[in-house]
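Trainee: Let me begin by handing over the structure; questions about it come next.
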Amino acid sequence: MVTKFNNVYIIEERIKKYREQEKKAEYFSDYLKLAKSVTTDNYLEDKEWSIKLFKKAENLSKSSSDFLILGKFVKDDKYLGDKEWARKLFIESENYCRIAQKELPNKDLSKRSTMRKIFLEIENYGKLSENVDDREWSERLKNELECFVLELNQLLEEKVSRIYQKAESRNNNKKLRNKKK
Numbered sequence: 664m665v666t667k668f669n670n671v672y673i674i675e676e677r678i679k680k681y682r683e684q685e686k687k688a689e690y691f692s693d694y695l696k697l698a699k700s701v702t703t704d705n706y707l708e709d710k711e712w713s714i715k716l717f718k719k720a721e722n723l724s725k726s727s728s729d730f731l732i733l734g735k736f737v738k739d740d741k742y743l744g745d746k747e748w749a750r751k752l753f754i755e756s757e758n759y760c761r762i763a764q765k766e767l768p769n770k771d772l773s774k775r776s777t778m779r780k781i782f783l784e785i786e787n788y789g790k791l792s793e794n795v796d797d798r799e800w801s802e803r804l805k806n807e808l809e810c811f812v813l814e815l816n817q818l819l820e821e822k823v824s825r826i827y828q829k830a831e832s833r834n835n836n837k838k839l840r841n842k843k844k
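To convert, count from 1 in the sequence shown and add 663; that's our numbering.
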């Protein structure tokens, strides 16, 4: 039999547990996970506390992915349902995508880690265009994504061409040395 006393005890225990987790939280993902738990916990459903935790996660956001993920949860009615705040987070995500695109020509495309980051930004552009509620904004994001992909493609083609020319040059130098012998 569930009594009022049992519910109060459960609530106090969960608050205590979540407070401990909050004290230990250091990273974006820690605060995001905690905010989601506090919001969806059947005994708590504490949106005010969740907002504080989501804000802490926002302050620790360092990438387009962080802002995109956070925006999706903030927008979701299951969590906060705050479309305006989500829009601001999506704008931040878009800004990080643009920065990545502008820095693209300066990147060393021969590094796997660099390519992973670039592909993640491309993926984020796509996800962002799917999550914004504004049709014009979504179309603009899709166009920017297309430009980003075309620019990356051009840079990769140039890199492949340079590698091919270098290989050809080495091959020609070998042939010349062999003829001289």
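Here a beta-carbon is modelled for each residue, glycine too, at the ideal position from N, C-alpha and C.
Ends of the alpha helix (DSSP H) at residue 692?
Mentor: On the sequence shown, position 29 is the one that residue 692 refers to. First-last of the alpha helix (DSSP H) with residue 692: 691–703.
Trainee: Anyone know if the C-beta pair for residue 691 and residue 723 falls short of 7 Å?
Mentor: Sequence index remark: in the sequence shown, residue 691 carries index 28 (1-based). Sequence index remark: in the sequence shown, residue 723 carries index 60 (1-based). Yes, these two residues count as a Cβ contact at 7 Å.
Trainee: The alpha helix (DSSP H) spanning residue 794 covers which residue range?
Mentor: Taking the first residue of the sequence shown as position 1, residue 794 is located at position 131. Note, residue 794: alpha helix (DSSP H), 775–794.
Trainee: If you reduce the DSSP assignment to three classes, tell me which class residue 741 lands in.
Mentor: Translated into the one-based positions of the sequence shown, residue 741 becomes position 78. DSSP places residue 741 in coil when its eight states are reduced to three.
Trainee: Within the same chain, show all residues whose beta-carbon is closer than 6 Å to that of residue 702, passing over the 5 residues directly before and after it, in chain order.
Mentor: Reading the sequence shown from its first residue, position 39 is the one you call residue 702. Excluding positions up to five away in sequence, the list reads 713 and 742.
Trainee: Identify the continuous alpha helix (DSSP H) that holds residue 718 and give its terminal residues.
Mentor: Here residue 718 is taken as the residue at index 55 of the sequence shown, counted from 1. From DSSP, the alpha helix (DSSP H) with residue 718 extends over 710–722.
Trainee: Note down the Cα distance separating residue 735 from residue 791, rounded to an integer number of angstroms.
Mentor: Looking up residue 735 in the sequence shown gives position 72. Looking up residue 791 in the sequence shown gives position 128. Cα-Cα distance, rounded: 9 Å.
Trainee: For residue 762, count neighbouring C-beta atoms within 10 Å of its own C-beta (all shown protein chains included) and say buried if the count is 16 or more, exposed if not.
Mentor: Stepping through the sequence shown from its first residue, residue 762 is reached at position 99. So residue 762 ends up on the exposed side.
Trainee: Taking all protein chains shown into account, do 16 or more other C-beta atoms lie within 10 angstroms of the C-beta of residue 725, making it buried, or fewer, making it exposed?
Mentor: Taking the first residue of the sequence shown as 1, we reach residue 725 at position 62. Burial call: exposed.
Trainee: Which residue marks the beginning of the alpha helix (DSSP H) containing residue 758, and which one marks its end?
Mentor: On the sequence shown, residue 758 is found 95 positions in, with the first residue counted as 1. Residue 758 -> alpha helix (DSSP H) spans 746–766.
Trainee: Looking at C-alpha atoms only, which residue of 706, 695, 699 and 696 is the closest neighbour of residue 677?
Mentor: The count along the sequence shown starts at 1 and reaches residue 677 at position 14. For the residues 706, 695, 699 and 696, the minimum Cα distance to residue 677 belongs to 706.
Trainee: Considering only the beta carbon of each residue, do residue 756 and residue 727 sit closer than 7 Å?
Mentor: As a first step, residue 756 is located in the sequence shown; it is residue number 93 there, counting from the start. As a first step, residue 727 is located in the sequence shown; it is residue number 64 there, counting from the start. Cβ atoms of residue 756 and residue 727: closer than 7 Å.
Trainee: Give the C-beta separation of residue 716 and residue 697 to the nearest angstrom, bearing in mind that I take them to be a contact with Cβ-Cβ under 8 Å.
Mentor: Start at 1 with the first residue of the sequence shown, and residue 716 comes out as number 53. Start at 1 with the first residue of the sequence shown, and residue 697 comes out as number 34. Contact holds; Cβ gap of about 5 Å.
Trainee: Expressed to the nearest angstrom, what Euclidean distance is found between the alpha-carbon atoms of residue 794 and residue 751?
Mentor: Along the sequence shown, one-based indexing puts residue 794 at 131. Along the sequence shown, one-based indexing puts residue 751 at 88. Rounded to whole angstroms, residue 794 to residue 751 spans 13 Å at the Cα level.
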